[in-house]
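*Asks:*
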Amino acid sequence: MRLHNTLTRQVEELVPRRPGALSLYVCGPTVQGAPHFGHALAAIVPDVLRRWLEHRGYDVFLVRNVTDVDDKIITQAQQEGVFAAEVAERCGRLFDEVFTRLRLLPPRVEPRATGHVDPMIDLIEQLERVGAAYATGGDVWFRVRSFPEYGKLSGRDLDELRSGVRVEADERKEDPLDFALWKAAKPGEPSWRSPWGRGRPGWHIECSAMSAAYLGTGFDVHAGGADLIFPHHENEIAQSEAATGEPFARHWLHNGHLTMGGEKMSKSLGNVVSLTEALDTHGPDAVRFFFLSAHYRSPMELSDERLDEAHAGLERLRAFHRATAALTAEPAESSEVRAHREDFAAAMDDDLATPRAHAALFALVRAGHAAREAGDDGVAVAARDAVTELAGVLGYDITAEEGGASGALVGGLVELLLALRAEARSARDFATADRIRDRLAELGVTVEDHPDGARWHLR
RNA sequence: GGCCGCGUAGCCGAGUGGCUCAGGCAGCGGACUGCAAAUCCGCGUACGUGGGUUCGAUUCCCACCGCGGCCUCCA
Numbered sequence: 009m010r011l012h013n014t015l016t017r018q019v020e021e022l023v024p025r026r027p028g029a030l031s032l033y034v035c036g037p038t039v040q041g042a043p044h045f046g047h048a049l050a051a052i053v054p055d056v057l058r059r060w061l062e063h064r065g066y067d068v069f070l071v072r073n074v075t076d077v078d079d080k081i082i083t084q085a086q087q088e089g090v091f092a093a094e095v096a097e098r099c100g101r102l103f104d105e106v107f108t109r110l111r112l113l114p115p116r117v118e119p120r121a122t123g124h125v126d127p128m129i130d131l132i133e134q135l136e137r138v139g140a141a142y143a144t145g146g147d148v149w150f151r152v153r154s155f156p157e158y159g160k161l162s163g164r165d166l167d168e169l170r171s172g173v174r175v176e177a178d179e180r181k182e183d184p185l186d187f188a189l190w191k192a193a194k195p196g197e198p199s200w201r202s203p204w205g206r207g208r209p210g211w212h213i214e215c216s217a218m219s220a221a222y223l224g225t226g227f228d229v230h231a232g233g234a235d236l237i238f239p240h241h242e243n244e245i246a247q248s249e250a251a252t253g254e255p256f257a258r259h260w261l262h263n264g265h266l267t268m269g270g271e272k273m274s275k276s277l278g279n280v281v282s283l284t285e286a287l288d289t290h291g292p293d294a295v296r297f298f299f300l301s302a303h304y305r306s307p308m309e310l311s312d313e314r315l316d317e318a319h320a321g322l323e324r325l326r327a328f329h330r331a332t333a334a335l336t337a338e339p340a341e342s343s344e345v346r347a348h349r350e351d352f353a354a355a356m357d358d359d360l361a362t363p364r365a366h367a368a369l370f371a372l373v374r375a376g377h378a379a380r381e382a383g384d385d386g387v388a389v390a391a392r393d394a395v396t397e398l399a400g401v402l403g404y405d406i407t408a409e410e411g412g413a414s415g416a417l418v419g420g421l422v423e424l425l426l427a428l429r430a431e432a433r434s435a436r437d438f439a440t441a442d443r444i445r446d447r448l449a450e451l452g453v454t455v456e457d458h459p460d461g462a463r464w465h466l467r
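For the first sequence, counting from 1, position 242 maps to 250 in the numbering used here; every step adds exactly one.
(1) Is there contact between the segment 317-327 and the segment 79-97, where contact requires at least three CB pairs shorter than 8 Å?
(2) Should residue 121 and residue 77 be called a contact, given that it needs their Cβ atoms to be closer than 8 Å?
(3) Might you give, ordered along the chain, the residues of its own chain that have their beta carbon closer than 7 Å to the beta carbon of residue 386, omitting 5 neighbours on each side?
(4) On the CB-based measure, 16 or more other CB atoms within 10 Å of its CB, does residue 181 come out buried or exposed?
(5) Give, in chain order, every unbroken run of the alpha helix (DSSP H) that is at least 4 residues long and sits entirely within the segment 235-271.
(6) In chain order, which continuous runs of the beta strand (DSSP E) of length 3 or greater are located wholly inside the segment 193-220?
(7) Can you name, in chain order, every residue of its own chain whose Cβ lies under 7 Å from the Cβ of residue 298, other than the five neighbours on each side?
(8) Just how far apart, CA to CA, sit residue 461 and residue 445?
(9) Closer than 8 Å by C-beta to residue 373: which residues in its own chain qualify, once you throw out the five before and the five after it? Chain order, please.
(10) Start and end of the beta strand (DSSP E) containing residue 12?
(11) With a threshold of 16 other CB atoms inside 10 Å of the CB of residue 87, please say whether the residue is buried or exposed.
(12) Helix, strand or coil, according to DSSP, for residue 343 in the structure here?
(13) Sort 438, 436 and 226 by Cα distance to residue 30 and report the nearest one.
(14) Return the residue from the list 70, 65, 63 and 17 that minimises the CA-CA distance to residue 34.
(15) Quick one: give me the first and last residue of the alpha helix (DSSP H) that residue 232 is part of.
(16) Spell out a yes or no on whether the segment 413-426 and the segment 374-385 are touching, meaning 3 or more CB-CB pairs, one atom from each, closer than 8 Å.
(17) CB of residue 298 to nearest heavy atom of the ligand MG: below 7 Å?
(18) Tell me whether residue 289 sits in a helix, a strand or coil according to DSSP, three-state version.
(19) The alpha helix (DSSP H) spanning residue 425 covers which residue range?
(20) Quick one: what does DSSP say residue 461 is sitting in, helix, strand or coil?
(21) List the endpoints of the continuous alpha helix (DSSP H) containing residue 318.
(22) Buried or exposed: where does residue 468 fall if 16 or more other Cβ atoms within 10 Å of its Cβ makes it buried?
(23) When you compare only the Cα positions, how much space is there between residue 128 and residue 242?
(24) At which residues does the beta strand (DSSP E) containing residue 84 begin and terminate?
(25) Counting only the same chain and skipping the five closest in sequence on each side, list residues whose C-beta sits under 7 Å from that of residue 216.
(26) Which of the three DSSP states, helix, strand or coil, is assigned to residue 134?
(27) Residue 72: buried (16+ other C-beta within 10 angstroms of its C-beta) or exposed?
(28) Looking at the unbroken beta strand (DSSP E) that takes in residue 147, where does it start and where does it end?
(29) For residue 509, which residues does DSSP report across the bridge?
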């Protein structure tokens, strides 16, 4: 498949280090607060890549880290008067919960920074040995000018950066652009023993150390939000390549940003839509559908209207599944179904063009309905199977009904009411029939009458 | 200020130097229905502005306008 590579700014063939296997590192969240839509997008994009390649038969080794020590976590903990680890633990659980609801397949490894301090220290010592790092007191810094290729990912020029002035000069640093590899501990902060005294790792070093620990050097794809390109990923490259002398990640995958009200999403700008709330009202599939309805690299405007549209679009897929669920015919050969499957594959192979993949899904839905109405059940079943399978590749479960309350009891009660309604209808007592349907609608149960009886679904 | 990207019908969003045509949501008409819902059929002279290149540009080039992102340990 072809995938955009931030390093070259081009869509290029994804050639894994080992044929048939893909090593993928994702910059995971800093567990400092509640997960928001941005975290979800940054996790879903690599999830879709992974699902697509696994669908293609690849063995995907996905590593997604958890940053569980960092300034913001410490600040938050101090405000609450608890240990930083407690904040990280609690927020980590929130992320787990949301990621599970979003149907993210679990990573093969989910390393925590605090569990990998030793390899980080080793890496920093290696950087000292090659002259790329220097210690001042208890701090250790990366010497940016020792790495001539600095800026190659973000397309930045060192001199322009220097004139940018926005990096505040720090007396301890040789150069304002140098960044922290290790920070001396201040009183009350979590800290680890190190050759430079007690302290904690800088942010960037953890990804260099943990990706190397699980994927080695020169792994295939490194993913993250576009806002991580500079400085985070630039710094990772500098650290890793200065230490090993070998190329770091081969392919860089970055997703675009979410905006709200025309501006980049941020908690300070009064977030209208909460992620958990959206999951509650629209369901995980609709939220995923929203994310994948635009190309992953373009910025997306988030709003209730967009989520409603995504919900409606997904509902069309679900309705098709419902309409064909009872068909028992053997799937028939169909050149049309095959052509739409190929369109889907071509779209996914072309830099994860999920909007086009959606179009292929809708084409299958249309063909399937048409076949069903024409009595061509074999083709309808083939289309249904294709839609179900390919929707699954995008992470949608269109066979699952929404609204977790659809237990056996609810189902039984609805069936009972529908049986009574059927009696009323056959007695031409439409007032009663409509009352039942209207009351059910108020409760979120939609009733559809079909020649073979009534079907119902939630919401 | 530097770097990057974007402006496509009511909304979202693909795509292409000319070939009938993305797709979705919303809307309108028809079919079906007791009425609906779901579904099917049909329906929209879209490509920010001004130049240029070209036989021909929404697509390439230039300028302009508008919008966004990064340049701060933000996904």
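For glycine and all other residues, C-beta sits at the position ideal for the given N, C-alpha and C.
*Replies:* Answer, in terms of the structure:
(1) The segment 317-327 vs the segment 79-97: no contact.
(2) For residue 121 and residue 77, yes; Cβs fall inside 8 Å.
(3) The residues are 337, 338, 339 and 340.
(4) Counting of Cβ neighbours within 10 angstroms places residue 181 among the buried residues, the total reaching 16 or more.
(5) Counting only runs that start and end inside the segment 235-271, the alpha helix (DSSP H) elements of at least 4 residues fall at 242-252.
(6) Segments of the beta strand (DSSP E) lying fully in the segment 193-220: 207-209.
(7) In its chain, beyond the 5 residues on either side, 314, 315 and 318 have a beta carbon closer than 7 Å to the beta carbon of residue 298.
(8) Each residue's alpha carbon lies about 14 Å from the other.
(9) Excluding its 5 nearest sequence neighbours in each direction, residue 373 has C-beta neighbours in its own chain below 8 Å: 324, 325, 328, 391 and 395, listed in chain order.
(10) The continuous beta strand (DSSP E) containing residue 12 extends over residues 10-13.
(11) Per the 10 Å Cβ criterion, exposed.
(12) DSSP, read as helix, strand or coil, puts residue 343 in helix.
(13) Measuring from the Cα of residue 30, the nearest candidate turns out to be 226.
(14) The alpha carbon of residue 34 has as its nearest neighbour, out of 70, 65, 63 and 17, the alpha carbon of 70.
(15) From DSSP, residue 232 is part of no alpha helix (DSSP H) but of the beta strand (DSSP E) over 229-233.
(16) Because the criterion of three Cβ pairs below 8 Å is not met, the segment 413-426 and the segment 374-385 do not touch.
(17) Looking for the ligand MG in the displayed structure turns up nothing, as the structure carries no ligands at all.
(18) DSSP places residue 289 in helix when its eight states are reduced to three.
(19) Where residue 425 is concerned, the enclosing alpha helix (DSSP H) stretches over 416-434.
(20) The answer is strand: DSSP assigns residue 461 an E or B state.
(21) First-last of the alpha helix (DSSP H) with residue 318: 312-332.
(22) With the chain covering 9 to 467 only, the question about residue 468 has no answer from this structure.
(23) A direct Cα-to-Cα measurement between residue 128 and residue 242 gives close to 17 Å.
(24) Here residue 84 belongs to no beta strand (DSSP E); instead the alpha helix (DSSP H) covers 79-88.
(25) Within the same chain, Cβ atoms closer than 7 Å to the Cβ of residue 216 are found at 131, 244, 247 and 248, the five residues on either side in sequence being excluded.
(26) Helix.
(27) Flag for residue 72 reads buried.
(28) For residue 147, the enclosing beta strand (DSSP E) begins and ends at 147-150.
(29) Residue 509 cannot be examined here, being either before or after the span of the chain that is shown, 9 to 467.
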